[in-house]
Amino acid sequence: MSTFNGLVAEFPDIRIDFFRRHADRRPPLACFLSHIHSDHLAGLDSLRSPFVYCSAATREMLLRLERYPCRINYAKGVLEARVQTYKHLKNLLKPLPMETPTTLELAPGSHIQVTLFDANHCPGAVMFLIEDLHHAILYTGDIRSEPWFVNTIARNPAVIEYTSGMKTLDKIYLDTSFIKDIPFQTKAEGIAGLLRKVAQYPDNTVFYIQAWTYGYEQVWIALAKALKSRIHVDDYKMRIFSSLTGKTSSDRFSSSIHLCPEAPALAGYVCGNTPHPGCLTRDENVRLHSCERGNFCNTVKSSKVVSIQPVIAHLRSGVDIAEVGVGGGGDDLERDAELDPLSTEDIAAISKLIEDADISPETKLRLFEFLETGAKTGRNLSLDLDLASFGEKNEAAIMDAFQAVGRKKHLEEQSTQSSEPLIDGPSGELSRVITFPYSRHSSYQELCDLVRIFRPKDVWPCTVNPADWLRNTTSIRYLFGDFCSGDTFVHDMVMEKLAESLRILQQPPSQGFGGKQLPTTEAHITALHSSHSHESNAPEPSAVAIEETLVLEPDTNPGSVETRIPTQEQHDFSSRPGNSQDTLESPVPHIVPTPLVLTADISYIRADAYYAMKQNFLGGEWTPIGLLSTIDHHTTPDTDLGMV
Numbered sequence: 003m004s005t006f007n008g009l010v011a012e013f014p015d016i017r018i019d020f021f022r023r024h025a026d027r028r029p030p031l032a033c034f035l036s037h038i039h040s041d042h043l044a045g046l047d048s049l050r051s052p053f054v055y056c057s058a059a060t061r062e063m064l065l066r067l068e069r070y071p072c073r074i075n076y077a078k079g080v081l082e083a084r085v086q087t088y089k090h091l092k093n094l095l096k097p098l099p100m101e102t103p104t105t106l107e108l109a110p111g112s113h114i115q116v117t118l119f120d121a122n123h124c125p126g127a128v129m130f131l132i133e134d135l136h137h138a139i140l141y142t143g144d145i146r147s148e149p150w151f152v153n154t155i156a157r158n159p160a161v162i163e164y165t166s167g168m169k170t171l172d173k174i175y176l177d178t179s180f181i182k183d184i185p186f187q188t189k190a191e192g193i194a195g196l197l198r199k200v201a202q203y204p205d206n207t208v209f210y211i212q213a214w215t216y217g218y219e220q221v222w223i224a225l226a227k228a229l230k231s232r233i234h235v236d237d238y239k240m241r242i243f244s245s246l247t248g249k250t251s252s253d254r255f256s257s258s259i260h261l262c263p264e265a266p267a268l269a270g271y272v273c274g275n276t277p278h279p280g281c282l283t284r285d286e287n288v289r290l291h292s293c294e295r296g297n298f299c300n301t302v303k304s305s306k307v308v309s310i311q312p313v314i315a316h317l318r319s320g321v322d323i324a325e326v327g328v329g330g331g332g333d334d335l336e337r338d339a340e341l342d343p344l345s346t347e348d349i350a351a352i353s354k355l356i357e358d359a360d361i362s363p364e365t366k367l368r369l370f371e372f373l374e375t376g377a378k379t380g381r382n383l384s385l386d387l388d389l390a391s392f393g394e395k396n397e398a399a400i401m402d403a404f405q406a407v408g409r410k411k412h413l414e415e416q417s418t419q420s421s422e423p424l425i426d427g428p429s430g431e432l433s434r435v436i437t438f439p440y441s442r443h444s445s446y447q448e449l450c451d452l453v454r455i456f457r458p459k460d461v462w463p464c465t466v467n468p469a470d471w472l473r474n475t476t477s478i479r480y481l482f483g484d485f486c487s488g489d490t491f492v493h494d495m496v497m498e499k500l501a502e503s504l505r506i507l508q509q510p511p512s513q514g515f516g517g518k519q520l521p522t523t524e525a526h527i528t529a530l531h532s533s534h535s536h537e538s539n540a541p542e543p544s545a546v547a548i549e550e551t552l553v554l555e556p557d558t559n560p561g562s563v564e565t566r567i568p569t570q571e572q573h574d575f576s577s578r579p580g581n582s583q584d585t586l587e588s589p590v591p592h593i594v595p596t597p598l599v600l601t602a603d604i605s606y607i608r609a610d611a612y613y614a615m616k617q618n619f620l621g622g623e624w625t626p627i628g629l630l631s632t633i634d635h636h637t638t639p640d641t642d643l644g645m646v
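The number in the numbering used here is simply the position in the sequence shown, starting from 1, with 2 added.
Set out below in structure tokens:
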């Protein structure tokens with residue numbers, strides 16, 4: 003899932019793929035949307051200005067998109083849902099042509115040039131090349147940079163200045179969903195393997211394609227052609243994809259327009275006076291189905307269907323890397339419930355429900371991590387909850403939803419191996435679940451290939467888990483430094499500053515608190531600072547483990563950050579990851595982290611000082627920090643006695 007906060011250091015007056023307000027920043031003069039996956043739509047439902055620039059396909063699909071955000075009414079203990087659409091954005095969404103440099107005026111005398119490129123991710127998904135007289139950046143959004151894709155973009159006339167070395171990008175804002183050195187099959191290889199598998203089944207077999215998000219349209223097209231069957235979809239999907247084709251005028255003889263390459267194959271077209279239907283249909287009497295789960299058609303209900311399920315990659319060891327939970331879509335094609343961004347009160351209420359629930363400690367930990375993700379990214383979170391559940395509107399419905407999330411998060415951490423029942427086929431028993439590799443995000447090696455052709459000065463990762471990056475000593479220098487023309491990596495500086503802050507927080511508490519200790523029940527500093535606490539595995543029962551979160555922002559002046567790049571002694575980066583290996587281990591060296599544990603001895607004053615220091619560092623409103631060592635060990639500020 004994208005963690006990018008929308009801020010582009012080189013162009014501070016624009017926002018990309020994140021539309022919530024930043025209190026310490028002036029409002030943007032232009033916004034950009036790369037595609038319609040839900041993790042890139044944060045705040046868009048409440049946006050009223052400025053214009054949002056995107057591809058034509060993204061605009062038409064977004065205006066018809068149905069989301070079901072939810073909010074926790076913690077006072078009444080219920081889960082409430084409301085239907086939200088993006089129709090109000092009709093006059094704000096401005097489509098830009100593909101591969102055509104377009105000049106936009108942000109303000110009088112302030113212009114930028116924007117060029118859109120296909121991102122090979124889902125219909126309408128694009129990359130943005132943004133330039134002015136002083137800076138140039140490439141924002142990839144979600145991208146699958148397969149070898150053919152890299153070759154195509156390298157010779158595109160709109161970027162050939164950068165791929166030939168005549169000009170240099172200041173930064174690539176890169177989709178870093180996968181930074182483990184695991185080889186991915188190409189999309190073509192995945193589809194070819196799938197067609198070989200389905201060919202082994204009897205001719206009367208009914209298949210259900212688990213395409214729960216946008217990005218699998220080429221799989222639909224290939225299966226429909228190979229099995230000579232159209233694909234039954236629900237009305238919602240049909241409306242979405244029908245919007246991708248249209249006419250230039252009301253004249254019945256006017257030419258049809260198609261907003262993405264897959265549009266005519268999916269929704270149909272007219273050639274002369276002859277209409278040609280696409281592969282999608284509302285007719286239930288077909289062999290291929292991809293209708294809405296929870297509302298299956300009669301054919302799927304009454305048949306023993308064979309499920310077709312995409313995975314990220316198939317390793318030579320026979321293990322599949324599951325697709326569930328990978329950033330970029332979630333359940334966008336399914337109208338499931340989502341959880342709105344959480345307030346401090348929401349978190350406290352949900353935490354109480356989770357702590358009191360009769361579930362395993364592992365599931366509780368996964369749920370706390372789930373809540374933490376939503377709090378620090380500002381994005382909606384997908385719930386495995388049928389909309390019919392809202393008829394109950396009670397705590398049971400909430401816990402059912404969160405327990406489902408816990409189970410889902412558990413599945414994300416495991417590889418998929420089919421144990422489904424078998425059916426008889428012409429050549430023996432066949433599985434009722436077919437998996438095939440089809441990743442919509444780039445592998446680490448593919449990202450390296452993309453960065454290599456541009457050789458930018460710097461790379462900023464758009465999908466980051468700061469705790470994991472610190473734990474594994476992951477850095478941009480290590481991942482992509484060899485493919486960059488610069489040697490200053492702003493994200494590494496920010497992470498080093500964060501690491502230093504955490505080291506300060508980990509220091510033993512100073513003595514001299516007058517022997518006063520806080521009760522264990524009051525040691526949850528997290529609740530006061532919109533962070534999240536987890537039960538510690540340490541023997542000390544009063545310890546509260548806190549995983550600190552920080553919004554990572556690129557700095558417009560890297561030299562102003564008083565920090566240092568990790569040294570060779572700290573990071574043994576003498577060797578890079580080897581060639582393709584079937585391993586789930588991170589390519590970065592692993593160190594044993596020092597647990598970030600706060601005991602009940604630490605006062606709220608000390609915690610407040612840390613958070614004030616962090617906000618001051620981030621450029622927020624300056625907060626004075628009183629040191630206990632200089633104010634007679636007082637735990638409250640002295641009263642102002644006025645002028646003497």
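Ideal Cβ positions, reconstructed from N, Cα and C, are used throughout, including at glycine.
Rounded to the nearest whole angstrom, the CA to CA distance from Lys182 to Leu481 is 10 angstroms. Take Val308, set aside five residues on each side of it, and the residues of its chain with a beta-carbon closer than 6 angstroms to its own are Thr207, Phe209 and Arg434, in chain order.
Pairing Cys281 with Ala226 gives a Cβ-Cβ distance under 8 angstroms. Comparing alpha carbon positions, the residue from Ala11, Ile16 and Ala44 closest to His113 is Ile16. Rounded to the nearest angstrom, the gap between the Cα atoms of Ala156 and Asn300 is 49 angstroms. The region 28-36 and the region 51-61 touch, with three or more beta-carbon pairs separated by less than 8 angstroms. Per DSSP, reduced to three states, the secondary structure at Arg454 is helical. In the three-state reduction of the DSSP assignment, Val496 falls in the helix class. DSSP assignment within the region 150-208 yields the following whole beta strand (DSSP E) runs of 3 residues or more, N-terminal first: 173-176. The three-state reading of DSSP puts Arg505 in helix, counting H, G and I together. For the beta strand (DSSP E) assignment, the uninterrupted runs of no fewer than 3 residues enclosed by the region 230-298 are, from N- to C-terminal side, 247-249, 258-260, 271-273 and 276-278.
Taking every protein chain shown into account, the CB of Gln202 has fewer than 16 other CB atoms within 10 angstroms, so this residue is exposed. With fewer than 16 neighbouring CB atoms inside 10 Å of its own CB, Ala194 falls in the exposed class. Taking all protein chains shown into account, Leu500 has 16 or more neighbouring C-beta atoms within 10 Å of its C-beta and is therefore buried. Going by beta carbons, Tyr88 and Asp47 fall inside the 8 angstroms limit.
Rounded to whole angstroms, the Cβ separation of Met497 and Ser477 is 7 angstroms, and the two are in contact under 8 angstroms. For the pair Cys293 and Gly217, the CB atoms are not nearer than the 8 angstroms cut-off. In the three-state scheme derived from DSSP, where H, G and I count as helix and E and B as strand, Tyr210 is classed as strand. Note on Ala59: 16 or more other CB atoms within 10 angstroms of its CB, so buried under the neighbour-count rule. Residue pairing for Cys486: DSSP places it in no beta bridge. Put simply, the backbone Cα of Val235 is about 14 angstroms away from that of Val221.
Taking C-beta separations shorter than 8 angstroms and ignoring five residues to either side along the sequence, the partners of Ile259 in its chain run Thr247, Gly248, Lys249 and Thr250, following chain order. Between the alpha carbons of Leu197 and Leu106 lies a gap of roughly 45 angstroms.
In this structure, Pro463 sits away from His443, with a CB-CB distance that is not shorter than 8 angstroms.
Shown here for Thr437: same chain residues with a beta carbon closer than 6 angstroms to its own, the five before and five after excluded, namely Gln311, Val313 and Asp322 in chain order.
A straight line joining the alpha-carbon of Gly483 with that of Trp150 spans about 23 angstroms.
Assignment of beta-bridge partners to Thr465 by DSSP yields no partner.
According to the DSSP secondary-structure assignment, His39 is paired through a beta bridge with no residue.
Going by DSSP, Ala109 is part of the beta strand (DSSP E) stretching over Thr104 to Ala109. One Cα belongs to Leu472, the other to Phe491, and the distance between them is close to 16 angstroms.
Straight-line spacing of the CA atoms in Thr475 and Ile233 works out to 47 angstroms.
Ranking Asp134, Lys189 and Leu171 by CA distance to the CA of Asn122 puts Lys189 first. With a threshold of 16 other beta carbon atoms within 10 Å, Met168 falls short and is exposed. Put simply, of Val116, His137 and Asp285 the residue whose alpha carbon is nearest the alpha carbon of Val128 is Val116. The bridge partners DSSP lists for Asp120 are Val128. Counting only the Cα atoms, Thr102 lies some 10 angstroms from Pro159.
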